[in-house]
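Q: Below are the structure tokens for one structure; questions will follow.
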Amino acid sequence: MVKVTIKDNSGKPITNFKATADESIGAQAQANGASIPFSCGVGACRSCVGKVTKGKEFLNPEAIGPQHISVEEDEVLTCICGVKTDAPANEEIEIECENL
Ligand code: FES
Numbered sequence: 341m342v343k344v345t346i347k348d349n350s351g352k353p354i355t356n357f358k359a360t361a362d363e364s365i366g367a368q369a370q371a372n373g374a375s376i377p378f379s380c381g382v383g384a385c386r387s388c389v390g391k392v393t394k395g396k397e398f399l400n401p402e403a404i405g406p407q408h409i410s411v412e413e414d415e416v417l418t419c420i421c422g423v424k425t426d427a428p429a430n431e432e433i434e435i436e437c438e439n440l
């Protein structure tokens, strides 16, 4: 399982965990102690947005459901974003959350 590090908006690491592909990054981050705020929970606001600073190629931005708003190229909505099922176990993903 790929390792995910969640950082706050100043770049300080808040938590890290081995991510599974069956649940959103945001939900897994919350379960591991990072209180990423969710509002809609379905990819239609920016509450949970994060800037991917490493490993974007291992993320599926719409793993859990369709994205209803557009975000910057380096951003994901963590409530619907998940890791790709074929993401190599020794790789790392880092996400800086705007509202954390
Ligand atoms: S909580 Fe609204 S887009 Fe994720």
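The sequence shown begins at 341 in our numbering and counts up one residue at a time.
From the three backbone atoms N, C-alpha and C, an ideal C-beta is built for every residue, glycine too.
How about A374 and I404: do their beta carbons lie closer than 9 Å?
A: No, the pair does not count as a contact, with Cβ atoms beyond the cut-off.
Q: Classify F398 as helix, strand or coil using the three-state DSSP reduction.
A: helix
Q: Along the chain, where does the alpha helix (DSSP H) containing I365 start, and where does it finish?
A: Taken as a continuous stretch (DSSP letters only), the alpha helix (DSSP H) holding I365 covers I365 to A371.
Q: Using only the heavy atoms of ligand 1, determine whether one of them is closer than 8 Å to the beta carbon of C437.
A: Not so, every heavy atom of ligand 1 lies at least 8 Å from the Cβ.
Q: So, V344 versus Q370, is the Cβ gap smaller than 9 Å?
A: With a cutoff of 9 Å on beta-carbon distance, V344 and Q370 are scored as not near each other.
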